[in-house]
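Accompanying notes for the structure given below.
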Amino acid sequence: MSISTKTGDSGSTALMYGRRVLKTDVRVEAYGTVDELNSALGLVRATSYEPLVQEVILTVQKHLVTLMGELAVDDSDRERFQKDRYGSVAVEQVGWLSEVVIDLEGTHQISFKRWATPGYNLPSAALDIARTICRRAERRVIALREGGGYVNPETIKYLNRLSDVLWLFARYVETRAEGA
C-alpha cells in the first residue's frame, strides 16, 4: 500500500474513523499545528545535548501523539473513541509538566539575560521556535472549542504549561552554555 492515496487531492482529509473534512477545517488546523509542534520538538531533541531536555521532550512528544489523536476525532465519533479506549490527555500529564516547571525554577540557576532575543545558541533557538508553535497550537485548539467543537479541557492546560516548559528550557540551555 502506498502512502500516496490521492484521496486528499480535492482538498479534503480523513479524521479518525474516516469522516472527511476540508483540510482547512479548524479541527485539522488544531491537530496539524500540534503535529508541527511535535516535529519542532524533534529538532529540539536532535540539537540539545542536555539529558534533562532530551528526556522531558521525548515524553512530551509521546503525549502529543495522544493529544493529536484526541483532536482528530469528530464530535459525532467521540463516544466511539471513548469506547475504543484511546488515550486522552489527563490531569496527571498536566501535573507532570507543572512539576517540570517547579523543578526548573527551583533547582536550576536559570539566567534570564537573553530571553527577549532568541538565538543565543541552536538548542535555545529550537526551543523558542517550538514554544511559539506551541502557543499557536493552543490558539488553534481554543478556536476549535470556541467554534463549538469538543476539546478536552486538559488539552488547553497541557499546551499552556508546555509553552512555559519550553520557555524555561530555552533559558536553561542558554544558562548551561554560559557556564561551560
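Here this note's numbering is used: the first residue of the sequence shown is 171, the next is one more, and so on.
Each residue gets a CB set at the ideal place from its N, CA and C atoms; glycine is no exception.
So, for V335: in the same chain, excluding its five sequence neighbours on each side, which residues have a beta-carbon less than 8 Å away from its beta-carbon? So the qualifying residues of the chain are V226, V230, L267, V270, V271, L274.
- In the DSSP assignment, find the beta strand (DSSP E) that holds S182 and state where it starts and stops. S182 -> beta strand (DSSP E) spans 182-184.
For this session: Output the distance between the C-alpha atoms of M186 and Y290, rounded to the nearest integer angstrom.
Result: Cα to Cα, the separation comes out at about 40 Å.
Fill in: N- and C-terminal bounds of the alpha helix (DSSP H) containing V259
No residue range can be given for V259, since it is assigned to no alpha helix (DSSP H) and is classified by DSSP as neither H nor E.
> Helix, strand or coil: which one does DSSP assign to R190?
Replying inline: Taken through DSSP and simplified to helix, strand or coil, R190 comes out as strand.
Counting only the same chain and skipping the five closest in sequence on each side, list residues whose C-beta sits under 7 Å from that of V365.
-> A query on residue 365 cannot be resolved here, the shown segment of the chain reaching from 171 to 350 and no further.
Just tell me which of V264, A307, A210 has its CA closest to the CA of L241.
With distances taken between Cα atoms, L241 lies closest to A307.
| task | Please classify V243: does DSSP put it in a helix, a strand, or coil? | result | In the three-state scheme derived from DSSP, where H, G and I count as helix and E and B as strand, V243 is classed as coil.
Could you check the C-alpha separation between L228 and G212 for me, to the nearest Å?
For L228 and G212, the distance between alpha carbons rounds to 8 Å.
Taking C-alpha atoms, which residue in A200, M171, G276, G319 lies nearest to L237? The shortest C-alpha separation from L237 is found at A200.
Out of curiosity, what's the CA-to-CA distance linking S180 and D245? The alpha-carbon of S180 is positioned some 23 Å away from that of D245.
Legend entry - Reference T277, options A210, L222, G318, closest by Cα: With respect to the C-alpha of T277, the residue from A210, L222, G318 having the closest C-alpha is L222.
- Item | Extent of the continuous alpha helix (DSSP H) to which G202 belongs | 196-217 is the span of the alpha helix (DSSP H), which, as asked, contains G202.
Consult DSSP for A286 and reduce its assignment to one of helix, strand or coil.
The answer is coil: DSSP assigns A286 none of H, G, I, E or B.
Review point. Around the C-beta of T175, are 16 or more other C-beta atoms found within 10 angstroms, so that it is buried, or is it exposed?
Key: So T175 counts as exposed.
- Task: Report the option in G188, S218, R346 whose CA atom is closest to the CA atom of K283.
- Result: Answer by Cα proximity: R346.
request  = Using 10 angstroms around the beta-carbon of Y328, count the other beta-carbons present and answer buried if the total reaches 16, otherwise exposed.
outcome  = Counting of Cβ neighbours within 10 angstroms places Y328 among the buried residues, the total reaching 16 or more.
> For E137, which three-state DSSP category applies?
Replying inline: A query on residue 137 cannot be resolved here, the shown segment of the chain reaching from 171 to 350 and no further.
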